[in-house]
Each structure stands twice: as C-alpha cells, then as structure tokens.
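**Q** Per this note's numbering, residue 120 is the first one in the sequence shown, and the count goes up by one each step. Glycine included, each C-beta is placed from N, C-alpha and C at the ideal position. Have a look at this one before I ask anything.
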Amino acid sequence: MGNVNDFLAQYGNLLAQGTLDTLCMLFVSTAISYVFGLALGIILYVTSPHGLKPMPITNAVLGWLVNMARSIPFIILIVALMPLTRQLVGTTIGVVGVTPPLVLATTPFVARMVEQSLEEVDVSSIEAAVAFGASIPRIVVSALLPEALPSLVRGGSITLITVLGYTAIAGAVGAGGLGDIAIRYGYYRYQDDIMVVTIVLLIVIVQIIQSLGNIIAKRIDHR
C-alpha cells in the first residue's frame, strides 16, 4: 500500500494531466473531423454509381483523395505537416500543435465510416422519400441520417478508439498526453511501472468508449 501511495504522490498529477491532455486531443480533434468527414462521406455516397445523384468523376477524385490521405502513416503525417501546423496554430507541440494533423488524419477515416453507414440504409426508406418528391438534402436529413444513426454511433466509437491510438503515437513528437508520458518515462527512463499504468489507462478509456457506443447504439436502434 505504501508503494502505491508513494507512486501516486510522485506521479499522480503527471498522469492526471496526461489523461486530461489525451482526452482533449481525442474529443476536440474528433469533433472537428466529423464536421468535415460527415459532409465528405455524404458527398461520396450521393455521388456514387448507386447514389442519389451519380457523378462518377467527382466520386472517383474524392475517393482517390480520401484513400491517399488514409494511406499515410500518422507519424509521417505529423512530421510532414509541421511547417503548416506552425503557421496555423503557432506551435507543433502540445495539444494545440497535434490537433491539425489529427484532424487531417481522421477526416478521411470518418468519411469512409459515414459512407459505409449510409450504404447500410434500407433502400425502401430512400425510395419512399424519392416518391414524395423530396430533394436530395431533404432525403439525406430526413431519411438517410436517421436510419443510419445506430451505425454512425458505432462508427463514432471506432473512430474515437482509432484517434486515441493516434494521440499515443503523437507522444513521440512531444504532443503530450499519455503517449508522451509512456515514451519519456517508460521507454527512455526504463520505468516499467509508468509504462504499465499508461497502458492500463488507455485500455480503460477504450473500454468506456466502446461500452458507451454500444449502449447508445442499441437504445436508438428501433429496427
């Protein structure tokens, strides 16, 4: 018990701040990514060959850009974007400095998740809206998104867990958070106890996100 108290007295504040920084990076960057990713995913669905308004060239170009962005390893993306990040937010370290690359890495992932969720919607729901002469924006808002909501929520859980992994990677370049603590103390200083605690904290966060996502998805799924 004494060892635990000593550990908490020495590293408790550090781990609490690291957890808070990780959560800030996670939720702020994911929220911004969904603003862009949701719109991009809807466009990809609408312009697809079986979409509401097929536009093969537009769809192919957007699809290629999304696939290209998703293929870049996150650690390389952070380094490559450092000059742009510094111009945008004035720094390349800390929570603020890692947000632009996190958003850029997450947006195409969100777009594909949204596109996939929309493709799972029953065609009859769309046909009913089309039969009533609804416009494409109206169909998207009144038929597609409500029907796809449970899938979108589950996709949101997957996205959050993916971004959590990105935040841990970002610790390698001074982004702060639990990843930074694990590298500075667990790796460079060979403090296994710090490494174990940061891993446990990340696992706990993942389990909470996944459990909440499943609960919310089940409650709003009336199928």
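Rounded to whole angstroms, how far is the Cβ of Tyr-153 from the Cβ of Val-229, which I believe are closer than 8 Å?
**A** That belief holds up - the Cβ atoms of Tyr-153 and Val-229 are roughly 6 Å apart, short of 8 Å.
**Q** Going along the chain, which residues of its own chain have a beta-carbon closer than 6 Å to the beta-carbon of Trp-220, five neighbours each way excluded?
**A** One point to set straight first is that residue 220 is Pro, not Trp, in the sequence displayed. Once the five neighbours on either side are set aside, the close Cβ partners of Pro-220 are Leu-196, Ile-197, Leu-200.
**Q** Under a three-way DSSP split, which group does Ile-302 fall into?
**A** Ile-302 falls in the helix class under three-state DSSP.
**Q** If you run the structure through DSSP and keep just helix, strand and coil, what is Ile-212?
**A** Looking at Ile-212 - three-state DSSP - the assignment turns out to be coil, as it is neither helix nor strand.
**Q** Which whole-angstrom value is the C-beta distance of Val-249 and Ile-161, which I expect to be below 8 Å?
**A** The Cβ separation is near 16 Å, so there is no contact.
**Q** Alpha carbon to alpha carbon, how far is Glu-238 from Ile-339?
**A** Their Cα atoms are separated by approximately 18 Å.
**Q** Can you tell which of Val-282, Thr-166, Val-259, Ala-253 has its C-alpha closest to the C-alpha of Val-147?
**A** Checking every option, the nearest Cα to that of Val-147 belongs to Val-282.
**Q** Quick one: what does DSSP say Gly-170 is sitting in, helix, strand or coil?
**A** Of the three classes helix, strand and coil, the one that applies to Gly-170 here is coil, per DSSP.
**Q** If I follow the unbroken alpha helix (DSSP H) through Ser-261, where does it start and stop?
**A** Per DSSP, Ser-261 belongs to no alpha helix (DSSP H) and is neither H nor E.
**Q** Answer with buried or exposed for Ile-176, where buried requires no fewer than 16 other C-beta atoms within 10 angstroms of its C-beta.
**A** It counts as exposed.
**Q** Just the C-alpha distance for Pro-202 and Pro-173, rounded to the nearest angstrom, thanks.
**A** Going from the Cα of Pro-202 to the Cα of Pro-173 covers about 38 Å.
**Q** Using 8 Å for Cβ pairs, my map puts Val-185 next to Arg-231. What's the rounded Cβ distance?
**A** Going by Cβ atoms, the distance from Val-185 to Arg-231 rounds to 6 Å, so yes, they are a contact pair.
**Q** By Cβ distance, which residues of its chain are closer than 8 Å to Met-314, with the 5 residues on each side in sequence left out?
**A** Hits under 8 Å: Ala-301, Tyr-304, Gly-305, Tyr-306.
**Q** Could you check which residue in Ser-276, Thr-317, Leu-271, Ser-261 has the C-alpha nearest to that of Ala-287?
**A** It is Thr-317 whose Cα lies nearest to the Cα of Ala-287.
**Q** Can you tell me whether Met-144 is buried or exposed? The criterion is at least 16 other CB atoms within 10 Å of its CB, across all chains shown.
**A** Met-144 should be labelled buried.
**Q** Just how far apart, CA to CA, sit Leu-297 and Leu-171?
**A** In a straight line, the C-alpha of Leu-297 is about 44 Å away from that of Leu-171.
**Q** List the endpoints of the continuous alpha helix (DSSP H) containing Val-242.
**A** Start and end: 242–250.
**Q** CA-CA distance, Gly-293 and Pro-168?
**A** So the alpha carbons of these two residues sit roughly 44 Å apart.
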